[in-house]
Amino acid sequence: MQIPTLYLKGTFNGWGLDTPFISLSEHRLQTTVCLSTDQYRFKISDLDGTENWTLSGHANNPTVCKTDTLTQLVTTQGIGNDLLFSPSAPGLFTLELNFQGDVPTITFAEGEPQNHRPTRQLTDTSLIADAATQSTIDWHKPDFALPHYELFQQLAITEMESFPFVFGDNVDGYYHGTTHSFVNSGKYRHHQGWVLGGFASFVDHKINDKESANHASLMPYGIEHHYSNQKNHTSSDCLSIIQGSRLACLHVNAEDKAMLAIVPELNIPTTHSSIHSEQNCITIELDHSICPEGSPRFISIAADKSISAKEMTLANSPELDTVMRLSENNVKLKLETQQSEHSLCVYLSFGDTLEETQSQAVKAVEESAFISHQQSIYQFLLKNYLWTNDIHFNKSVMWARLSSRTFVSHEFGTGIWAGLPWFKDCWGRDTFIALSGTSLVNGLFDEAKAVIQNFASMQMLDKESKNFGRIPNRVTSKSNIIYNTTDGTPWMIREALEYINYSGDTEFAKDIYPTVKRFIEGVEKEYLDSDNLMSHRHPDTWMDAKINGITPWSPRGPKANDIQALWFESVNCAMHLAELVDDQDAKSEWQKLSSRIKESFKSKFWDAQNQQLADHLSTGDKPDYSIRPNQLMVLSIPQDSVMTDDIIEQHIVKNAVETLLFPWGICSLQQEHIDFHPYHDNQVQYHKDAAYHNGTIWGWNSGFTVSALNRLEQQELSYTLSRNLGQQILKQGCRGAMSENLDAYQTITEETVAEQIITKDTIAEGSTASNLLLESPLVESGTFAQAWSASEYARNAQQDYLGYRPQLLANRIHLTPRLPSSWATLSATLPYGENGLLKVQFNKNEDTSHYVIGAAQASELGQEPNKLQQDKLQLCITLSVSEATDVNIECPVSTELDIVINHKTGEVVANTEQGNVTIIPSKRYPLLDDLHFAKPDFTRQHQSMLSKDYLLNKRTEENLEVAKD
157 MQIPTLYLKG TFNGWGLDTP FISLSEHRLQ TTVCLSTDQY RFKISDLDGT
207 ENWTLSGHAN NPTVCKTDTL TQLVTTQGIG NDLLFSPSAP GLFTLELNFQ
257 GDVPTITFAE GEPQNHRPTR QLTDTSLIAD AATQSTIDWH KPDFALPHYE
307 LFQQLAITEM ESFPFVFGDN VDGYYHGTTH SFVNSGKYRH HQGWVLGGFA
357 SFVDHKINDK ESANHASLMP YGIEHHYSNQ KNHTSSDCLS IIQGSRLACL
407 HVNAEDKAML AIVPELNIPT THSSIHSEQN CITIELDHSI CPEGSPRFIS
457 IAADKSISAK EMTLANSPEL DTVMRLSENN VKLKLETQQS EHSLCVYLSF
507 GDTLEETQSQ AVKAVEESAF ISHQQSIYQF LLKNYLWTND IHFNKSVMWA
557 RLSSRTFVSH EFGTGIWAGL PWFKDCWGRD TFIALSGTSL VNGLFDEAKA
607 VIQNFASMQM LDKESKNFGR IPNRVTSKSN IIYNTTDGTP WMIREALEYI
657 NYSGDTEFAK DIYPTVKRFI EGVEKEYLDS DNLMSHRHPD TWMDAKINGI
707 TPWSPRGPKA NDIQALWFES VNCAMHLAEL VDDQDAKSEW QKLSSRIKES
757 FKSKFWDAQN QQLADHLSTG DKPDYSIRPN QLMVLSIPQD SVMTDDIIEQ
807 HIVKNAVETL LFPWGICSLQ QEHIDFHPYH DNQVQYHKDA AYHNGTIWGW
857 NSGFTVSALN RLEQQELSYT LSRNLGQQIL KQGCRGAMSE NLDAYQTITE
907 ETVAEQIITK DTIAEGSTAS NLLLESPLVE SGTFAQAWSA SEYARNAQQD
957 YLGYRPQLLA NRIHLTPRLP SSWATLSATL PYGENGLLKV QFNKNEDTSH
1007 YVIGAAQASE LGQEPNKLQQ DKLQLCITLS VSEATDVNIE CPVSTELDIV
1057 INHKTGEVVA NTEQGNVTII PSKRYPLLDD LHFAKPDFTR QHQSMLSKDY
1107 LLNKRTEENL EVAKD
């Protein structure tokens, strides 16, 4: 029997490919892992997880494994039927697979095999650092922002107990770790495999024990641990992943000068490695035999101080065993200063060639990459700066922005991973929902363009295919691409127009127009119904979970409301692009099509008698009035045109919010529905995918919920939601990030929930948003960090609370703030065009609001904006004066506006010699005057909890159309 390379995939390694089994003989394979005390789930499979080579203990149920006990294996690809292992103490464990008998088996044993002891000469050398070659960096601080050191301290997430964190390198890897730990404390995962795990720092030859650190701080640039010794002398260490390169920085700092050292945890067997030493750099080369494709073969190490570099054994450095739990078989390199120092910075570069890897490590020292990395992050934060008197919200927004950067990669061209750990792929839908909050709001227009171009280059061009005109649903590799999505391409088209409006890059219309036109042709050929609405398969919306990859868990075909909103928006975007490329015939046809879509949508989806919008039309255009959050996208997706009128929009918001929106997020299905599932994962009554879109809360759904609420001036309610979401970012799960999902029902007392069921009037009468935070832990599920969850939070801050909407296509920038009443001050910068930045300052004092708004100067930015572009732009501002009136102000963007509004008298004073000031009536939304959160009904009996596999059995009996890809 030919056994392929098999991998141990599980919760301990994000179900990744970093733990291959090594062949011992024709039938026996072995691997060693370091585990802490926890319950681990895993399977064994080949590279692609094929049906014949995916192994677990049972076809349907989980199997508990114990040390020194034989466990039989079967081939199975199910979910929830994993192998389980719970170590009683942390340490190394060896797993052995045996295929000799009729049934394959696995055995766990404590410790590691003794047959891989080092055979080569251990390295003992020195590296010389030339301080004269190391660059110094000047920090640039504009007047509108905090200095870097103060901003970083304000953003620090500091805790005395263990917590998880994640950073991305924006190439092909990410580092996921846990504080206050050495065992399984973190791994820097590349496209495949990991080389660097955690590390230890030493001060005067004594190890800094992370388990007893005073505290750990997640900083925008890395993870710090802080220590004090018996003499109360302090020290700290920091791990940073340098963005834009496969480069890690390990740093130790001491209050008093001392001999400093660093020992990185390296997943490099000594017997399968060789060492290359240079004067200022040492490089470890891995044998081809243990280096899978996509994993770096070379690791170069350089330091900013002259150091000794000595390979250690557990015998001469026992703390590497007793404290760090390092393997005797792996490289253990101690990097120690040659004299007492205040700090030591060590860089580890990872690459595919010796020269490239060495060059990157040496360059990191010369360019002070650790400081450059911090400066780059500071400049990133300044470009879409928002700082109010609400520190909690400021911090949440900044971390959502920082978290969104984790997912940007260049693995298969420029893309955005969907989530970590198991959605480390670029999904079309997820990418373009996340693009606005990841790239556009941050002024990263070249990046946004590259993402759009990358996906457009993979458009299906085969006119005979049902997928003609579509971009991929998922890109796992250049050869593993699937197109089973109705909404991925419309989301891309929407973002292409939004990119042009942010950047002013009208030339891009010529590039993207053929892609857009092909998509519309494909819809007209395969999916356009006689009513001009777009049809689709049941699972081809974002609610895409399927039973065994075939039957939809949440059938929403053939016409879902969010798909029609995206179809409507695609046609309207196409009209703008047709105008730019002067295709008047197409523009005229699409104008007519847009009107017909709007008419059909209202006539078929809107129930005027009961004031409700259908979630979807089933076969025969029968409306299904299940209440799901998707209806809010009818308000949030269109950028220029609207699909419905104000009255319908108010009913949509009221129906969705008061039925679905809890203070911690919006449910994917109303709790009164027979298919509702109150909890997501780890339920004995049903498979987790049954709940995935049938009750489970999705973080990204809060994004369009806030957009819809603020559009109708319900910012007090939406802000309570946003602050609670911020609590998730700062205090829950993987700190600084947002998970994919939450349970709909949380383990919170009914009294706590009751306190949160508030109206905007309650807040206005004196309750502050700060005392409405949910402090109770929430049950998270799905991925620990999801791109669109964080990016939507960041987008809301700019587009919905600040009301920023650049329309450079029309040479206009719109600013319509929807500020929460608790905001008394704010300072913000808003990017547009080529290096353009709009500054907004706001102060509120009793009955008076004071705004100062204008374009930032080159001296504040450190770069020159495009003056020709800027001179053409008009700034269009709408500000609230009173409950009855607003003020519209239009002037050139180059004008520095100074506006004072007396809300009591209605007086508006503005220095607008070059502009116009107009008082207009405010829009009123009376149907939402008492809008409030929904309340979970903990007493309700749900069919999903009463009958095992209720929804699975129901879907099986419905005999739905097969949707296999």
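For this note's numbering, count along the sequence shown from 1 and bump the result up by 156. Quick reminder that beta carbons are idealized off the backbone N, C-alpha and C, glycines included.
Distance between residue j and residue i (C-alpha atoms, nearest Å)
i, j, result
"GLY1018", "GLN399", "21 Å"
"LYS1079", "GLN954", "22 Å"
"ASP460", "GLU663", "46 Å"
"TYR957", "ASP1121", "41 Å"
"ASN688", "LEU722", "13 Å"
"TYR781", "ILE572", "34 Å"
"SER759", "ARG561", "42 Å"
"PRO160", "HIS347", "20 Å"
"GLN290", "GLU654", "42 Å"
"ASP917", "LEU873", "In this predicted model, ASP917 has a pLDDT of only 39, less than 50, meaning its place in the structure is not dependable enough to derive any value."
"LEU1107", "ILE440", "54 Å"
"SER559", "SER945", "10 Å"
"GLN609", "GLY450", "24 Å"
"ASP328", "PHE563", "9 Å"
"THR915", "PRO962", "Here THR915 scores only 40 on pLDDT, less than 50, and its place in the model should not be relied on; the value that follows carries that caveat. Answer to the nearest angstrom: the Cα atoms are 32 Å apart."
"THR697", "THR493", "57 Å"
"ASP899", "LEU422", "38 Å"
"THR513", "ALA312", "32 Å"
"ASP238", "VAL322", "25 Å"
"ALA1119", "GLY705", "8 Å"
Where residue i falls, given that 16 or more other Cβ within 10 Å makes a residue buried
i, result
"ALA471", "exposed"
"GLU317", "exposed"
"VAL259", "exposed"
"SER926", "With a pLDDT of 37 at SER926, under the threshold of 50, the predicted position of this residue should be treated as unreliable, and no value is reported."
"THR924", "With a pLDDT of only 40 at THR924, under the threshold of 50, the placement of this residue in the model should not be trusted, and no figure is reported."
"ASN866", "buried"
"GLY166", "buried"
"THR292", "exposed"
"TYR683", "buried"
"GLN186", "buried"
"HIS381", "buried"
"ALA1040", "exposed"
"ALA773", "A quick correction: the sequence has Leu, not Ala, at residue 773. Buried."
"TRP295", "exposed"
"ASP824", "As written in the sequence, residue 824 is Ser, which differs from the Asp given in the question. SER824 should be labelled buried."
"ARG1096", "exposed"
"PRO303", "exposed"
"LEU164", "buried"
"LEU1102", "exposed"
Proximity test, residue i beta-carbon vs the ligand COA heavy atom, cut-off 8 Å
i, result
"ASP194", "Although the ligand COA was asked about, the structure shown includes no ligands whatsoever."
Rounded distance between the beta-carbons of residue j and residue i, thought under 8 Å
i, j, result
"ALA816", "PRO785", "A small fix is needed here, since residue 816 is Leu in this sequence, not Ala. That belief holds up - the Cβ atoms of LEU816 and PRO785 are roughly 6 Å apart, short of 8 Å."
"PRO577", "GLY170", "3 Å"
"GLU113", "GLN795", "A query on residue 113 cannot be resolved here, the shown segment of the chain reaching from 157 to 1121 and no further."
"GLY593", "GLU948", "6 Å"
"LEU1116", "HIS694", "6 Å"
"GLY660", "GLY989", "4 Å"
"GLY236", "PRO218", "7 Å"
"ILE783", "ALA812", "7 Å"
"PHE526", "SER337", "Not really, about 23 Å apart at Cβ, beyond 8 Å."
Close-in-space but distant-in-sequence residues of the same chain around residue i (CB under 7 Å, 5 per side omitted)
i, result
"ASP1042", "THR1034, LEU1035, SER1036, ILE1076, SER1078"
"PRO708", "HIS694, PRO695, LYS702, LEU1116, ALA1119"
Cut-off 6 Å between Cβ atoms - residues of its own chain near residue i, not counting five sequence neighbours on either side
i, result
"PHE998", "LEU982, TYR1007"
Own chain partners of residue i with C-beta closer than 8 Å, once the 5 adjacent residues on each side are dropped
i, result
"ASP508", "PRO452, ARG453, PHE454"
Enumerate, from N- to C-terminal direction, the unbroken alpha helix (DSSP H) stretches of 4 or more residues contained entirely within the region 726-775. List check, alpha helix (DSSP H) in window: 740-761.
Go through the region 448-521 residue by residue and report every complete run of the alpha helix (DSSP H) that reaches 4 residues or more, in order. You should have 475-478.
Ignoring anything shorter than 3 residues or poking outside the region 954-979, list the beta strand (DSSP E) runs there in chain order. Taking only runs of at least 3 residues, the beta strand (DSSP E) segments lying wholly in the region 954-979 are 960-963, 968-971.
Can you give, in chain order, each stretch of the beta strand (DSSP E) that sits fully within the region 979-1004 and has at least 3 residues? Fully enclosed beta strand (DSSP E) runs of no fewer than 3 residues occupy 981-988, 992-1001 of the region 979-1004, in order along the chain.
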